[in-house]
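Residue numbers (our numbering), protein chains in the order written: chain U, 13 to 350; chain Y, 48 to 354.
Below, the structure written as structure tokens:
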């Protein structure tokens, strides 16, 4: 099964990388300069969700562990911006009340790491369906916890009055915000590329195919999977931190389990096996969501059909199809795809 | 006074537990026999509620509507199985989860298309819309008693079906080794469709029973499905007995948590702190319980003996 490892990438990946890096840099700014400032917003959301999808893919694609609760980390990251800002505006909770971006980011990382560690320790003792359902339940637990916090708006959500303050960088400027998100994504993809080639990444992939054999050669997979689980939660928490700063309005709805499903949809649609798969998936998801919701309010129907269709007929997602096409057009018959 | 509240909450918890059991029974069947994870189970619960709402409005009789809506929901389940689910049995769980998530999006939107975005309230017949005095001084809504009664009847019926009929024998055989059952000449495909439809009917029944209290609304399934998952995780995935006991445990703990936790907290913390902490903790209570149980028994309380 060659397409299942991120490590052994096809040459196609080089071209996909170049295309994606350029497209995500050129298109939004081109449209922005042409007067369509609106598209910059779409692309900012897109890049942030791509970061979250890449974070999920670390555990899903590389580790083969289907975590269905990753929206919780996005929510926690966003509330790590919202709650300190709320308290520095309205008083109370002096320990965390701050406008400082480093405080927000630090809080987001600390909370997400802790949540991922605690839930990871428990849920990684199980596999398969149990793991899916348990991560889902833990995610939903955070959802209900935030809903019940009336101070921060509960169900109605919370408006973030001021964005995180960093020295030299003003996130209030949409162009700056986009550049931050874009560079974060590039750094993350590079990081994931390095991880997938590292000892750590290889152990994760090995564990995905056969945990017993990995154990037999003396590797304690649990530790590596737990580390990957926490790292994956941190990345999604970072995406949440960016999302909070982007939307300036946060609500528990962003951590509902159906949101986790959407992020997973992005990963699978793009192709979990490929480095850029989640990013491609996020691009298709967001652009399609925008186009379809302009046409009809019943756009979820088409999304559902697309999801069912892609599961039934499109193994390896768009990037899987792309690399198959790329390989066959280069007439390299040696690599047969599953 | 305190005792009467306790009895009423006990009955409320029992009623929630019964509903959760009806939902988790279907999931347990589909998982136990087909090894299939069905996120769209909540969508069938919602469909049952909407079918029942429309039929009640047309026929004017709630009970007649339930009688017609149960086979209708089973039929919807059957169609889903034939169209989509059937093609997923040999795939891995990730594919199950994604495809059924897609089904949820489709069904939710179709319900939105047909019934509109608003929820539909189901009017109860006069005879059910009353209160009965179960103990001196303790009154309880008749309809909630009916839910408990119907739920227990369904549970008993399911028990008889699974343990004392030929179909039940096939179901049990399928759960322990479905390849062998196929090899012995049983039409596995029909059995699977039937089991899926049965699960759909049970979920639909739960939806019909709760709809007169809340209302039939889009998204009602997505909320309850996670609680159902917690039930079957705690019970041990694939175990019917585990699902039944865990459903009652969860129903009672959730209900008691929501009604009494703030009083318990007030014993050892200030009133204000208790007012803030209690709702958050009671909302997370069943998940905390799940975490604690899994920390000691990752396979759940009553894991199935076979497989």
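C-beta: ideal position from N, C-alpha, C; glycine also.
Beta carbon of residue i nearer than 7 Å to that of residue j
| i | j | result |
| --- | --- | --- |
| residue 148 of chain Y | residue 273 of chain U | yes |
| residue 321 of chain Y | residue 309 of chain Y | yes |
| residue 90 of chain Y | residue 154 of chain Y | yes |
| residue 254 of chain Y | residue 93 of chain Y | yes |
| residue 249 of chain U | residue 85 of chain U | yes |
| residue 142 of chain Y | residue 78 of chain U | no |
| residue 330 of chain Y | residue 44 of chain U | no |
| residue 80 of chain Y | residue 215 of chain Y | no |
| residue 84 of chain Y | residue 102 of chain Y | no |
| residue 304 of chain U | residue 186 of chain U | no |
| residue 121 of chain U | residue 317 of chain U | no |
| residue 253 of chain U | residue 117 of chain U | yes |
| residue 288 of chain Y | residue 349 of chain Y | yes |
| residue 135 of chain U | residue 144 of chain U | no |
Alpha-carbon spacing of residue i relative to residue j, whole angstroms
| i | j | result |
| --- | --- | --- |
| residue 197 of chain U | residue 33 of chain U | 10 Å |
| residue 126 of chain U | residue 110 of chain Y | 51 Å |
| residue 280 of chain Y | residue 346 of chain Y | 8 Å |
| residue 122 of chain Y | residue 351 of chain Y | 29 Å |
| residue 296 of chain U | residue 263 of chain U | 25 Å |
| residue 26 of chain U | residue 39 of chain U | 20 Å |
| residue 331 of chain U | residue 226 of chain U | 28 Å |
| residue 18 of chain U | residue 62 of chain U | In this predicted model, residue 18 of chain U has a pLDDT of only 46, less than 50, meaning its place in the structure is not dependable enough to derive any value. |
| residue 271 of chain U | residue 238 of chain U | 23 Å |
| residue 189 of chain U | residue 74 of chain Y | 45 Å |
| residue 184 of chain U | residue 142 of chain U | 43 Å |
| residue 209 of chain U | residue 28 of chain U | 18 Å |
| residue 162 of chain U | residue 24 of chain U | 50 Å |
| residue 318 of chain Y | residue 203 of chain U | 49 Å |
| residue 265 of chain U | residue 198 of chain Y | 32 Å |
| residue 336 of chain U | residue 326 of chain U | 11 Å |
| residue 209 of chain Y | residue 57 of chain U | 50 Å |
| residue 298 of chain U | residue 59 of chain U | 10 Å |
| residue 243 of chain U | residue 338 of chain U | 32 Å |
| residue 309 of chain U | residue 315 of chain U | 12 Å |
| residue 256 of chain U | residue 93 of chain U | 6 Å |
| residue 232 of chain Y | residue 134 of chain Y | 21 Å |
| residue 262 of chain Y | residue 162 of chain Y | 13 Å |
| residue 160 of chain U | residue 168 of chain U | 11 Å |
| residue 167 of chain Y | residue 266 of chain Y | 13 Å |
| residue 63 of chain Y | residue 194 of chain Y | 9 Å |
Within chain U, the residues that residue i reaches when beta carbons sit closer than 8 Å
| i | result |
| --- | --- |
| residue 207 of chain Y | Neighbours of residue 207 of chain Y on chain U: none; closest Cβ ~28 Å, over 8 Å. |
| residue 351 of chain Y | The premise fails here: residue 351 of chain Y is roughly 13 Å from chain U at the closest Cβ pair, so nothing lies under 8 Å. |
Beta-carbon neighbours of residue i, restricted to chain Y and to distances below 8 Å
| i | result |
| --- | --- |
| residue 319 of chain U | 145, 146, 148, 149 and 152 |
| residue 324 of chain U | 131, 134, 135 and 146 |
Continuous alpha helix (DSSP H) stretch holding residue i: start and end
| i | result |
| --- | --- |
| residue 62 of chain Y | 49 to 81 |
| residue 301 of chain U | 289 to 307 |
| residue 168 of chain U | No alpha helix (DSSP H) contains residue 168 of chain U, which DSSP labels as neither H nor E. |
| residue 150 of chain Y | 140 to 162 |
| residue 233 of chain Y | From DSSP, residue 233 of chain Y is part of no alpha helix (DSSP H); its letter is neither H nor E. |
| residue 294 of chain Y | 287 to 315 |
| residue 331 of chain Y | 318 to 343 |
| residue 270 of chain Y | 267 to 282 |
| residue 257 of chain U | 233 to 259 |
| residue 107 of chain U | Unbroken run through residue 107 of chain U: none, as it is neither H nor E. |
| residue 78 of chain U | Premise fails: residue 78 of chain U is in no alpha helix (DSSP H) and is neither H nor E. |
| residue 217 of chain U | 211 to 221 |
Residue i CB to nearest heavy atom of the ligand NAP below 6 Å
| i | result |
| --- | --- |
| residue 130 of chain U | Within the structure as shown, the ligand NAP is missing, as the structure has no ligands at all. |
Span of the beta strand (DSSP E) around residue i
| i | result |
| --- | --- |
| residue 188 of chain Y | 185 to 188 |
| residue 182 of chain Y | 178 to 182 |
Chain-ordered neighbours of residue i on chain Y, where CB pairs are closer than 9 Å
| i | result |
| --- | --- |
| residue 82 of chain U | Those do not exist, as residue 82 of chain U stays about 13 Å from chain Y at its closest Cβ, beyond 9 Å. |
7 Å Cβ cut-off: residues of chain U touching residue i
| i | result |
| --- | --- |
| residue 84 of chain Y | 141 and 144 |
| residue 276 of chain Y | 145, 148 and 149 |
Under 7 Å from the C-beta of residue i: neighbouring residues of chain Y
| i | result |
| --- | --- |
| residue 153 of chain U | 331 and 334 |
| residue 134 of chain U | 338, 341 and 342 |
Open item on the list: Counting beta carbon pairs with one atom in the stretch 222 to 239 of chain Y and one in the stretch 66 to 74 of chain Y, are three or more of them shorter than 8 Å?
Closed with: no
TODO: Inspect the CB distances between the stretch 267 to 284 of chain U and the stretch 64 to 74 of chain U and report whether three or more fall short of 8 Å.
DONE: yes
Open item on the list: Three or more C-beta pairs under 8 Å: does that hold for the stretch 93 to 112 of chain U against the stretch 167 to 187 of chain U?
Closed with: yes
Open item on the list: Three or more C-beta pairs under 8 Å: does that hold for the stretch 107 to 126 of chain U against the stretch 202 to 215 of chain U?
Closed with: no
TODO: Count the CB pairs spanning the stretch 113 to 132 of chain U and the stretch 124 to 135 of chain Y that are closer than 8 Å, and state whether there are at least three.
DONE: no
Open item on the list: Would you call the stretch 92 to 107 of chain Y in contact with the stretch 249 to 269 of chain Y, where contact means no fewer than 3 C-beta pairs closer than 8 Å?
Closed with: yes
TODO: Closer than 8 Å, Cβ to Cβ, to anything on chain B: give me those residues from the stretch 271 to 286 of chain U, in chain order.
DONE: Structure shown: chain B not included; protein chains present are U and Y.
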